[in-house]
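Participant: The opening residue of the sequence shown carries number -2 in the numbering used here; numbering runs sequentially from there. Built from N, CA and C at the ideal position, the CB exists for glycine as well. Could you have a look at this structure, given as structure tokens, before my questions?
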Amino acid sequence: MTRFDRFSLKSRVALVTGGGRGLGLEIARALADAGAHVVINGRTAATLEGAVNSIRASGCSAEAMAFDVADRTAQRDALASIERRHGRLDILVNNVGARDRRPLAEFDDDAILTLIQTDLIAATTLSRDAAAIMKRNEYGRLIAITSINGYVAMPGDGIYPLAKQGLTGLMRSMAVEFGPSGITSNAIAPGWFATETNAAMAADEDLMPFVRQRIPAQRWGRPDEIAGAALFLASDAASFVNGHVLTVDGGMTVRM
Ligand SMILES: NC(=O)c1ccc[n+]([C@@H]2O[C@H](COP(=O)([O-])OP(=O)(O)OC[C@H]3O[C@@H](n4cnc5c(N)ncnc54)[C@H](OP(=O)(O)O)[C@@H]3O)[C@@H](O)[C@H]2O)c1
């Protein structure tokens, strides 16, 4: 096996939550390009179908699984179905991260619980149950998509950092607990990426002076620029990388 072969995901089965568009789709594409069979999750069947067709059109293997990650029964059914049909699950990318940009003072209790449920608790239960499947093959890759908001906070964004910093903590405790079973657990912290969710901000010329001042790369990240980090952490090339946060932000968080 050459060093480069270690990036191959041939015969691996991966689940990417929120993989129908944005960063999740770029990650799903990269894992499929490397040889994995990728199960793409999201709530909108039409979006998933388009994503799966685009991956299959490039000769790679993918399928759609529509469910809300916050639905525990749907989570359990999805994992059981993957194991029944594929006999394994090697890679889980917890990519779903709903946004609700408001100051904390404007969040009522239910709104706090709703965001935490989708952005943190869902990844917690899905990872725990996926790890049980991975343990059976003594191999696994758990990847959490956190955010630079896992390090820093922004005015008017009260709860999201809590979820992302909680996800970082989850990632580390899983690294310690599941490491002895051949499972690694890591995170990717994206900076500012021009996905659909940020389309209006990314198109706002008035914001560009701030972008150029705060991001050494002088621009928004392109969604495909997240893929390499995910491919590395999902592969055998990262067999001794465990409990790490790989920041992909053009240098935004290291600039004074
Ligand atoms: N873009 C950035 O600049 C940036 C920066 C830092 C961190 N991040 C993180 O990166 C991840 C992806 O961000 P993105 O910008 O690519 O997001 P996005 O464009 O909003 O895409 C999110 C995806 O998740 C799916 N989704 C949303 N809620 C879901 C749920 N409850 N159950 C299942 N699927 C759900 C959406 O599809 P449906 O609507 O069909 O379900 C969609 O495919 C998130 O965790 C985000 O917090 C992004």
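Mind checking whether Gly155 and Ile212 have CB atoms under 8 Å apart?
Facilitator: Working through the sequence shown from its first residue, we reach residue 155 at position 158. Working through the sequence shown from its first residue, we reach residue 212 at position 215. Against a cut-off of 8 Å, the Cβ pair of Ile212 and Gly155 comes out as no contact.
Participant: Cβ of Arg15 within 7 Å of any heavy atom in ligand 1?
Facilitator: Here residue 15 refers to the residue found at position 18 when the sequence shown is read from its first residue. Note that residue 15 is Gly in the sequence shown here, rather than Arg. For ligand 1, at least one heavy atom lies less than 7 Å from the Cβ of Gly15.
Participant: Tell me the rounded alpha-carbon separation between Arg219 and Ala191.
Facilitator: On the sequence shown, position 222 is the one that residue 219 refers to. On the sequence shown, position 194 is the one that residue 191 refers to. Arg219 and Ala191: Cα-Cα distance of roughly 6 Å.
Participant: Given a cut-off of 8 Å, decide if Gly39 and Ala63 are closer than it, judged by their beta-carbon atoms.
Facilitator: On the sequence shown, position 66 is the one that residue 63 refers to. On the sequence shown, position 42 is the one that residue 39 refers to. Contact: yes.
Participant: In angstroms, rounded to a whole number, what distance separates the CA positions of Tyr136 and Asn195?
Facilitator: One-based indexing of the sequence shown puts residue 136 at position 139. One-based indexing of the sequence shown puts residue 195 at position 198. Rounded to whole angstroms, Tyr136 to Asn195 spans 35 Å at the Cα level.
Participant: Taking contact to mean 3 or more Cβ pairs, one atom from each stretch, closer than 8 Å, check whether the segment 69 to 82 and the segment 41 to 59 are in contact.
Facilitator: The segment 69 to 82, when compared against the segment 41 to 59, does not touch it at the 8 Å Cβ threshold.
Participant: Helix or strand or just coil, what does DSSP make of Gln38?
Facilitator: Looking up residue 38 in the sequence shown gives position 41. The question names Gln, but residue 38 is Asn in the sequence shown. DSSP places Asn38 in strand when its eight states are reduced to three.
Participant: For Glu60, does the three-state DSSP call read helix, strand or coil?
Facilitator: Taking the first residue of the sequence shown as 1, we reach residue 60 at position 63. In the structure shown, Glu60 sits in a strand (DSSP, three-state: E or B).
Participant: Bridge partners for Asn183 per DSSP, in chain order?
Facilitator: Against the sequence shown, residue 183 aligns to sequence position 186. Per DSSP, the beta bridge partners of Asn183 are Ile140.
Participant: So, Asp233 versus Arg3, is the Cβ gap smaller than 8 Å?
Facilitator: Position 236 of the sequence shown holds residue 233. Position 6 of the sequence shown holds residue 3. Yes, they are a contact pair.
Participant: Compare the C-alpha of Ala129 against each of Ala119, Asp87, Phe104 and Leu112 and name the closest.
Facilitator: Within the sequence shown, numbered from 1, the residue matching residue 129 stands at position 132. Checked all of Ala119, Asp87, Phe104 and Leu112; the closest Cα to Ala129 is Asp87.
Participant: Can you round the beta-carbon distance between Ile24 and Ala61 to whole angstroms, since I take them to be within the 8 Å contact cut?
Facilitator: The sequence position of residue 24 within the sequence shown is 27, counting from 1. The sequence position of residue 61 within the sequence shown is 64, counting from 1. Wrong, their Cβ atoms sit about 15 Å apart, outside the cutoff.
Participant: Considering only C-alpha positions, which residue in the set Thr(-1), Gly15 and Leu110 is nearest to Ala141?
Facilitator: Position 144 of the sequence shown, counted from the start, is the residue given in the question as residue 141. Cα-wise, what sits closest to Ala141 is Gly15.
Participant: According to the neighbour-count rule (16 or more other Cβ atoms, all chains shown, within 10 Å of its Cβ), is Val251 buried or exposed?
Facilitator: As a first step, residue 251 is located in the sequence shown; it is residue number 254 there, counting from the start. Exposed, by the Cβ-count rule.
Participant: Using CA coordinates, which residue listed in Tyr157, Ser58, Met198 and Ala199 is at the minimum distance from Arg9?
Facilitator: By one-based count along the sequence shown, residue 9 stands at place 12. For Arg9, the nearest C-alpha among the options comes from Ser58.
Participant: State the Cα-Cα distance for the pair Phe237 and Ala102, rounded to the nearest angstrom.
Facilitator: Along the sequence shown, one-based indexing puts residue 237 at 240. Along the sequence shown, one-based indexing puts residue 102 at 105. So the alpha carbons of these two residues sit roughly 42 Å apart.
Participant: Which one of His83, Arg209 and Arg98 has the shortest CA to CA distance from Tyr157?
Facilitator: To locate residue 157, count along the sequence shown from 1; it is residue 160. It is Arg98 whose Cα lies nearest to the Cα of Tyr157.
Participant: Taking the C-alpha atoms as reference points, what is the distance between Ala175 and Ser182?
Facilitator: As a position in the sequence shown, residue 175 is number 178, starting the count at 1. As a position in the sequence shown, residue 182 is number 185, starting the count at 1. Per the sequence shown, the amino acid found at residue 175 is Phe instead of Ala. Going by the C-alpha atoms only, they are around 8 Å apart.
Participant: Does the separation of the CB atoms of Val90 and Ala227 fall below 8 Å?
Facilitator: For this step, residue 90 is matched to residue 93 along the sequence shown. For this step, residue 227 is matched to residue 230 along the sequence shown. It is a contact, given that the beta carbons lie within the stated cut-off.
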